[in-house]
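Residue numbers (my numbering), protein chains in the order written: chain A, 1 to 396; chain B, 1001 to 1360.
A quick write-up on the structure given underneath.
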Ligand SMILES: Cc1ncc(C[n+]2csc(CCOP(=O)(O)OP(=O)(O)O)c2C)c(N)n1
């Protein structure tokens, strides 16, 4: 029958669909490696990972782990105010980034620094941002980990959750109108997926046929709130088909599976000129951030069990099976990555702060008269009270 | 000092007449003689929530990460004591939190909802401004959501950057139908929060998050409340009136001390406590006495709540004013990280401003 709201068949059965009545089957989780990293026979792998690619993915994940460990420690020592690790989700970020094209436009939440690193953002770039120094492209205006890079097609991170989702859909639509063979890739947590913006984004992406690849990082926790209190039904992937968005669940700790899922998602999004939703299942192995102590709300055994499923170790074993990696190389690469992270912090710490003159720039393209006046006021104030100028901040 | 600076004239006469009406007001809470203990602002909130939950079985407490105690630990122990059906986590959705609170309140419950940071209240703005605030009016008084209280931490902390620092109160003072409260310390917070919870109108309470741990003082352990809509004279003075709210009151008190010590200027500091409805009588009475007004807030200058106070006081006290009222506020930029010390209206800026005003 053609209702204005949809073409639907009739039935004589008064039958409910859904939990407690006719539950829909749980979407299974696509994977290529077992929990130890052994390849699973019969996995469909439409996108090959050759040795060079695998090596780069592995090295990026190692670098990410080194940066996370060392920057986390630096924060604990009071070198900067805040940090967030992506421990447990390294493969989700790095393997997905590897499957994207550099022209693809990326929107993230905050725990996806691996994507940026894959694109060429260095530990030094990260350190400069965390220190908010003169070399931070964000000019020291945002908290640590709020990276961004126009050159790397990576929109600057903003703390308010889920706002990037509808934005990614709009960006994808613009890419489509321009006829570009690129998608918008949009990352977010399962907690953020409870925001209204998630629902707006999925609906818009389907109705406006936007080539966007949504990548949900379902790491089981939104600060202290477990996924079991975040949603009912079949997770985040389960929502996609209801919005008209093809959806897939993938083992986020399995770099081979994530790579294939995202490469395929990208292909589908471009071919169909429409959205795709992925839900990468993993575990937030670290605390939410340096402001959090997760032992307050989750069991030590749970954390230990998941740490044992380290995604990087899984990938390393897969590479070793192929003869592409050995222990000694791994040790060397880890050492080098640590050295680079430590050197980055040391170098960033030496930089001055951005100049005071940047205090009023970029609010608009050009400062309007009231900001010109306020800037003069601050400059006069600093001249009268030089001690109020933050340490290490030049005037110009 | 005051005598030198204030030329008696028509303004002073008006000041006396208008000042009389408010002269007898009692601004301090009637907490003298109550048992008290040292509490920080976070414990004061927690204490108020326990009292509210004990007294009214229809009181609910919910929001993001509330059940384990909240990211600021304000709701610790509530779920254990009052039950998980009354104290619970919600999915991560501010519009959902406030909308759900409105529904429960309309059914006669008293939901106290937490928005994790004031910076994240905006997804709920529609529910607050179009729904909570108009529920009573649009139904001809048949329905109301007076049981609803929205608690949210606001303000600068030294390292919060754009999204963990903002003071968005002015957006909310532009909403007829809600009340807006911004307490300045632990004792104030407990008494004002209890009034907000019991007030038969929806109330937004902005809690000074920098003070959650750092401000410690004697707080009565029992039940007491501080009336909404009544300002407090935090420091008496005769030369200039400094008006602030929330954590800015501490800056004003500090500035007043410095002005007294270095210049012999006696500033009167008014803690506004409630912004909507605000205590214009108290501010006017003070300005009629001092002849000079400074309003200070962390939020950006333009369209900040200082503008409202200056407009109203200029109107009421025009003939008592000896200098143009002055606003010392955050600048009209997004809240910055590394420039935070210069962005904020700190003690030095207030001191400079008052000196300028008194020279005028
Ligand atoms: C609109 C909004 N509300 C609340 C917050 C505070 N907050 C920051 S992160 C977070 C949890 C997010 O969890 P999730 O999306 O699952 O991502 P994860 O941290 O697990 O990677 C919350 C509640 C915020 N940043 N923005």
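Glycine residues also receive a C-beta, built at the ideal position from the N, C-alpha and C atoms.
A quick note: this is a predicted structure, and the numbers were derived from the prediction, not measured.
Chain B contact for residue 196(A) (CB, 8 Å cutoff): yes
Evaluate residue 1084(B) with the Cβ neighbour count: other Cβ atoms within 10 Å of its Cβ, from every protein chain shown; 16 or more gives buried, anything less gives exposed. exposed
Return the chain-ordered list of same chain residues with a C-beta closer than 6 Å to the C-beta of residue 37(A), the five sequence neighbours on each side being excluded. 314, 317 and 318
With three or more C-beta pairs closer than 8 Å as the rule, is the stretch 43-60 of chain A touching the stretch 71-89 of chain A? no
Can you tell me whether DSSP reads residue 281(A) as helix, strand or coil? strand
Just the C-alpha distance for residue 966(B) and residue 1219(B), rounded to the nearest angstrom, thanks. In the structure as shown, chain B begins at 1001 and stops at 1360. Residue 966(B) is therefore absent and cannot be evaluated.
Does ligand 1 have a heavy atom nearer than 7 Å to the CB of residue 288(A)? yes
DSSP-derived helix/strand/coil call for residue 61(A): helix
At a cut-off of 7 Å, is residue 1094(B) close to ligand 1 when judged by its beta-carbon and the heavy atoms of the ligand? yes
Is the CB of residue 1403(B) under 8 Å away from at least one CB in chain A? Outside the displayed span of chain B (1001 to 1360) sits residue 1403(B), for which this structure offers no information.
Let me know the secondary structure DSSP gives residue 50(A) once reduced to three states. coil
Are the beta-carbon atoms of residue 1098(B) and residue 1061(B) separated by less than 8 Å? no
Any C-beta of chain B under 8 Å from that of residue 381(A): yes
For residue 202(A), which option in 169(A), 179(A), 191(A) and 176(A) has the closest C-alpha, if you only look at C-alpha atoms? 169(A)
Considering only residues of the same chain and omitting the five flanking positions on each side of residue 341(A), which have a CB-CB separation below 6 Å? 66, 67, 70 and 123
Rounded Cβ spacing between residue 337(A) and residue 95(A) (contact assumed at less than 8 Å): With a Cβ gap of about 18 Å, residue 337(A) and residue 95(A) do not count as contacting.
Does any C-beta atom of chain A lie closer than 8 Å to the C-beta of residue 1024(B)? With a pLDDT of 33 at residue 1024(B), under the threshold of 50, the predicted position of this residue should be treated as unreliable, though the coordinate-derived value follows. So no, residue 1024(B) is outside the interface.
Closer than 7 Å between beta carbons: that is the criterion. Which residues of the stretch 1058-1077 of chain B meet it against chain A? 1064, 1065, 1068 and 1071
What does the Cβ neighbour count give for residue 1137(B), buried or exposed, with the cut at 16 atoms within 10 Å? exposed
Nonlocal neighbours in the same chain, by C-beta distance under 8 Å from residue 399(A), ignoring five residues either side: In the structure displayed, chain A extends from 1 to 396; residue 399(A) sits before or after that span and is not available.
Got a sec: does ligand 3 put a non-hydrogen atom nearer than 7 Å to the Cβ of residue 161(A)? Ligand 3 is absent from the structure shown, which contains only ligand 1.
What separation, rounded to the nearest whole angstrom, lies between the Cα atoms of residue 1234(B) and residue 215(A)? 53 Å
Contact between the stretch 1061-1076 of chain B and the stretch 1110-1117 of chain B: three or more CB pairs below 8 Å? yes
Can you find a C-beta in chain A that's less than 8 Å from the C-beta of residue 1224(B)? no
Quick one: using the 10 Å Cβ neighbour count with 16 as the cut-off for buried, is residue 1336(B) buried or exposed? buried
Rounded straight-line distance, which links the Cα of residue 80(A) to that of residue 307(A): 26 Å
Could you work out which residue in 379(A), 356(A) and 290(A) is closest to residue 144(A) when comparing CA atoms only? 290(A)
Starting from residue 1175(B), trace the alpha helix (DSSP H) in both directions and tell me its first and last residue. Counting along the chain, residue 1175(B) falls outside any alpha helix (DSSP H), and DSSP gives it neither H nor E.
Taking Cβ positions only, does residue 1173(B) come closer than 8 Å to chain A? no
Please state the DSSP three-state secondary structure of residue 1443(B). Here chain B comprises residues numbered 1001 to 1360, so residue 1443(B) is not present and cannot be evaluated.
Any beta-carbon of chain A closer than 8 Å to the one on residue 1166(B)? no
Going by the beta-carbon positions, is the gap between residue 405(A) and residue 288(A) smaller than 8 Å? What the structure shows of chain A is the stretch from 1 to 396, and residue 405(A) is not part of that stretch, so it cannot be assessed.
Using a Cβ-Cβ cutoff of 8 Å, what residues of the stretch 296-312 of chain A are near chain B? List them in chain order. 296 and 297
Strictly by DSSP, which residues pair up with residue 225(A)? 222(A)
Cβ-based contacts, 7 Å cut-off: residues of the stretch 1139-1157 of chain B near chain A: none
Hey, out of 1312(B), 1131(B) and 1268(B), whose CA is closest to residue 1238(B)'s CA? 1268(B)
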